[in-house]
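K.L.:
Be aware that the sequence shown starts at 860, since it is given in the numbering used here, and climbs by one per residue.
The C-beta atom is built at its ideal place from N, Cα and C for all residues, glycine as well.
Because the structure is a prediction, the values reported are computed rather than measured.
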Amino acid sequence: MGLKVKIFKRLPGFDLEVSFSCSEGQLLALIGPSGAGKTTLVRIIAGLDRPDQGQILYKGTVWLDTEKGIFWPPQKRKVGYVFQEYPLFPHLTIEKNVTFAATDKCQANELLKLFGIWHLRKRKPFEVSGGERQRAALAQALARKPKVLLLDEPFSALDVVTRKKLRKELKNLKGQLSLPILLVTHDLEEALSLADNLLPIQQGKIDQNWLAYSLDK
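1) Within the same chain, show all residues whose beta-carbon is closer than 8 Å to that of Lys1030, passing over the 5 residues directly before and after it, in chain order.
2) By Cβ distance below 6 Å, which residues in the same chain neighbour Lys918 in space, the five residues on each side in sequence not counted?
3) Given Gly913, which residues of its chain have a CB within under 7 Å of its CB, disregarding the five upstream and five downstream residues?
4) May I ask you to verify whether the segment 998 to 1007 touches the segment 926 to 934, counting CB pairs closer than 8 Å and requiring at least 3?
5) Going by DSSP in three states, Pro884 sits in which element: helix, strand or coil?
6) Using the beta-carbon count (16 or more within 10 Å), is Gly896 buried or exposed?
7) Tell me whether Phe985 is buried or exposed, calling it buried when 16 or more other Cβ atoms sit within 10 Å of its Cβ.
8) So, with DSSP's three-state summary, where would you put Lys863?
9) May I have a chain-ordered list of the alpha helix (DSSP H) segments no shorter than 4 residues that lie completely inside the segment 907 to 939?
10) With distances taken from CA atoms, which of Leu870, Leu1042, Ser988 and Pro871 is nearest Asp1018?
11) Would you tell me roughly how many angstroms separate the C-alpha atoms of Thr952 and Thr962, rounded to the nearest one?
12) Can Leu887 and Leu1058 be called in contact, C-beta distance under 8 Å?
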């Protein structure tokens, strides 16, 4: 088993309370409306937020256990995190952004080629398109050789054509990665096209009825 999560956190208006697991090589889509608690959940997994109660294990190693007082900081968890705001350093070139935290510079260069942005490597983020910036963000996250990859609405700010292209690229890439991947999205079509399994979240709870209703619409 790759990633195992069980958390509880009080949020304004509702409680976030979920339990799930995600195997290596699996893409699990956290699907639900905006404000359901999905982003808070992945921030807790990344170590950027804390639950009131819970436990997170990766391949049997405890990252978080509130009862035992265990809390691994983000840098120790080695999680790749991509979100819709393109987390790139504006003053660095695309190449330097990707290689900044890379453990293997040669592999980082291969990722630039894999995502089709090798020819843009000397440009800065503001000199390329939104889709190209998001490709760079994905390459940057993978260059760190993460144990888990978290994708929080990574394509939502892009136009329809670019979004479909990146979905296809991610689907092809998924087969080459042997790590748990969590995709946060409110787009059911996106979730169905990419995910091995769906985890519907509504008001902080896993809600299969919401998913069934959405599929029937």
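P.N.:
In short, the structure shows the following:
1) As a working note, residue 1030 is residue 171 in the sequence shown. The answer, listed in chain order, is Ser1052 and Leu1053.
2) Position 59 of the sequence shown, counted from the first residue, corresponds to residue 918. None.
3) For the purposes of this step, residue 913 is taken as the residue at position 54 of the sequence shown. Excluding sequence neighbours, Gly913 sits near Lys865, Ile866, Phe867, Leu923 and Thr925.
4) no
5) The residue you call residue 884 lines up with position 25 of the sequence shown. A quick correction: the sequence has Gly, not Pro, at residue 884. Three-state DSSP puts Gly884 in coil, outside helix and strand.
6) To locate residue 896, count along the sequence shown from 1; it is residue 37. Looking at its Cβ environment, which holds 16 or more other Cβ atoms inside 10 Å, Gly896 is buried.
7) Your numbering for residue 985 matches position 126 in the sequence shown. Label assigned to Phe985: exposed.
8) Here residue 863 refers to the residue found at position 4 of the sequence shown. It is a strand residue.
9) 933 to 936
10) On the sequence shown, position 159 is the one that residue 1018 refers to. Considering only alpha carbons, the answer is Ser988.
11) Numbered from 1 along the sequence shown, position 93 holds the residue referred to as residue 952. Numbered from 1 along the sequence shown, position 103 holds the residue referred to as residue 962. Distance between the alpha carbons of Thr952 and Thr962 is about 18 Å.
12) If you number the sequence shown from 1, residue 887 lands on position 28. If you number the sequence shown from 1, residue 1058 lands on position 199. Cβ atoms of Leu887 and Leu1058: closer than 8 Å.
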